[in-house]
């Protein structure tokens with residue numbers, strides 16, 4: 507993932523480094539040229555100084571430094587020379603500057619003619635020593651610029667970090683927002699560049715809030731408005747049943763349809779109560795094993811009607827949660843298991859501790875779910891069991907959606923797998939909010 511901070515620091519530092527490099531290179535070349543002029547001027551002065559020496563024609567040599575050489579010629583006779591310039595003439599006797607090779611080095615030369623004495627003076631200086639001296643001086647001047655680049659990089663990082671602080675504040679506010687917090691983003695002393703961004707975010711939050719309020723109102727109003735006529739309809743059906751002397755197929759179908767409609771309304775209300783914005787009750791310690799016993803006792807009659815075996819395994823395990831929601835969760839799982847398990851089948855509920863977690867598991871020997879459909883089971887109004895067998899099974903496809911909502915509200919995780927029986931499905935829920943007895 508790319509970073510604005512890294513991009514800005516890298517871009518600015520690379521640009522400054524490039525400009526510093528070009529400036530240092532230009533300064534280096536200019537300084538070399540200026541040093542060359544300075545050394546040439548010194549070479550000229552040296553030649554003039556040597557021309558003023560009183561040299562006897564019988565003198566064969568004059569001692570001097572190894573980096574400097576000179577010769578004094580009169581016509582074709584060598585009047586004097588430094589100890590490193592004995593023998594052949596260094597360069598041709600043409601006035602001015604030039605270069606010559608002797609004694610295994612490259613030399614910068616200057617030839618001067620002294621008309622008063624009719625002497626030719628040759629002064630020479632080793633170019634490698636001149637270059638080394640010039641480079642030492644130049645590097646000392648350029649080095650601080652090079653060494654300042656890391657410091658400049660640090661200052662750039664600090665400045666950009668300071669400049670991006672409003673973005674970090676915005677990110678922090680968005681990250682810390684609760685799922686049901688649709689209040690506007692407020693940042694004090696907001697920067698001009700962020701005004702439009704924050705305005706757009708607040709506009710989006712406002713639209714989401716309005717849409718969410720409309721959905722809540724529709725769900726709540728529709729469910730509550732349907733409850734009253736359905737209740738009245740059920741009363742009328744009960745009265746009608748007493749008037750019927752024989753079983754009537756149309757009446758049975760009508761009663762089944764009303765029951766299904768009532769179930770749908772109850773599921774919608776339950777789903778509405780289980781959304782984060784309406785989940786306002788505080789968690790309390792809940793014994794999952796005791797809760798399972800209570801829910802099984804409430805629904806035991808439904809399993810007896812189909813001759814199903816309902817087993818409960820495990821022991822007392824406490825989690826932090828909402829009692830009503832957890833009851834709804836297990837009721838939906840058991841209702842699904844009851845519907846999609848044939849007569850004489852087995853449904854098993856277990857509550858066990860797994861290290862720092864508690865696992866609530868419901869598995870059955872029913873018709874099962876295609877593993878390819880596991881990712882879709884929590885979608886609203888989805889019924890993904892064996893299509894050839896669900897046409898006679900009532901349901902609205904909201905049970906597992908509600909289960910998933912409740913799992914999320916408890917910061918738990920749910921997984922689906924084939925059951926341990928020959929067929930069927932297993933739902934396992936892992937709770938992290940565990941009440942550990944040894945910590946009390």
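Residue numbers (our numbering): 507 to 946. Note that beta-carbon positions come from the ideal geometry of N, C-alpha and C, so glycine has one too.
Check: Pick out whichever of 831, 626, 654 and 514 has its Cα sitting closest to the Cα of residue 558.; Outcome: 626
Check: List the endpoints of the continuous beta strand (DSSP E) containing residue 693.; Outcome: Counting along the chain, residue 693 falls outside any beta strand (DSSP E), and DSSP gives it neither H nor E.
Check: Sort out for me which residues DSSP pairs residue 606 with in a bridge.; Outcome: 613
Check: Can you give me the Cβ contacts of residue 684 inside the same chain, cut-off strictly under 7 Å, excluding the 5 residues immediately before and after it?; Outcome: none
Check: Along the chain, where does the alpha helix (DSSP H) that runs through residue 512 open and close?; Outcome: 510-557
Check: Rounded to the nearest angstrom, what separates residue 723 and residue 733 at their Cα positions?; Outcome: 15 Å
Check: With the cut-off set at 8 Å, would you say residue 814 and residue 790 are in Cβ contact?; Outcome: no
Check: Thinking just about the alpha-carbon of each residue, which of 843, 821 and 827 is nearest to the one in residue 809?; Outcome: 843
Check: Exposed or buried, which one is residue 834 when buried takes at least 16 other CB atoms within 10 Å?; Outcome: buried
Check: Could you tell me whether the region 652-669 touches the region 610-619, where touching means 3 or more Cβ pairs closer than 8 Å?; Outcome: no
Check: For residue 791, which residues does DSSP report across the bridge?; Outcome: 826
Check: Buried or exposed for residue 944, going by 16 or more other Cβ atoms inside 10 Å?; Outcome: Because residue 944 sits at a pLDDT of 47, beneath the cut-off of 50, its placement in the model cannot be relied upon, and the following sentence gives the value as read from the coordinates. Counting Cβ neighbours within 10 Å, residue 944 comes out exposed, since fewer than 16 surround it.
Check: Taking DSSP's pairing of strands, which residues face residue 734 in a bridge?; Outcome: Looking at the DSSP assignment, residue 734 forms no beta bridge with any residue, so it has no partner.
Check: Rounded to the nearest angstrom, what separates residue 741 and residue 845 at their Cα positions?; Outcome: 26 Å
Check: When burial is assigned at 16 or more other CB atoms within 10 Å of the CB, is residue 590 buried or exposed?; Outcome: buried
Check: Hey, which unbroken runs of the alpha helix (DSSP H) at 4 residues or more fall wholly within the region 593-681?; Outcome: 633-669
Check: Report the CB separation of residue 852 from residue 817 in whole angstroms; it is logged as a contact under 8 Å.; Outcome: 7 Å
Check: State whether the region 630-649 contacts the region 535-545, with contact taken as three or more CB pairs (one from each stretch) at a distance under 8 Å.; Outcome: yes
Check: Could you check the C-alpha separation between residue 869 and residue 762 for me, to the nearest Å?; Outcome: 27 Å
Check: Measuring alpha carbon to alpha carbon, tell me which of 932, 795, 938 and 673 ends up nearest residue 862.; Outcome: 938
Check: What residues in its chain sit with their C-beta under 6 Å from that of residue 574, if we drop five residues either side in the sequence?; Outcome: 631
Check: Going by DSSP, what residue range makes up the beta strand (DSSP E) through residue 820?; Outcome: 815-820
Check: Provide the residue(s) that pair with residue 721 in DSSP beta bridges, ordered along the chain.; Outcome: In the DSSP output, where bridge partners are listed per residue, residue 721 has none listed.
Check: Are the CB atoms of residue 935 and residue 866 nearer to each other than 8 Å?; Outcome: yes
Check: Do residue 823 and residue 857 have their C-beta atoms closer together than 8 Å?; Outcome: yes
Check: Looking only at its own chain, which residues have a Cβ that is under 8 Å from the Cβ of residue 517, when we skip the five neighbours before and after it?; Outcome: none
Check: Tell me the rounded alpha-carbon separation between residue 750 and residue 769.; Outcome: 25 Å
Check: Determine the extent of the alpha helix (DSSP H) in which residue 940 is found, giving its start and end residues.; Outcome: No alpha helix (DSSP H) contains residue 940, which DSSP labels as neither H nor E.
Check: Quick check on DSSP: helix, strand or coil for residue 835?; Outcome: helix
Check: Checking the sheet assignment: what are the DSSP bridge partners for residue 580?; Outcome: 583 and 625
Check: So for residue 575, helix, strand or coil by DSSP?; Outcome: strand
Check: Go to residue 912, then tell me how far its beta strand (DSSP E) extends in each direction, as first and last residue.; Outcome: It is not in any beta strand (DSSP E) - residue 912 instead sits in the alpha helix (DSSP H) that spans 905-915.
Check: Mind checking residue 520: buried by the 16 CB within 10 Å criterion, or exposed?; Outcome: exposed
Check: Which first and last residues belong to the beta strand (DSSP E) in which residue 870 is found?; Outcome: 863-870
Check: Could you check where the beta strand (DSSP E) with residue 924 kicks off and where it finishes?; Outcome: 919-924
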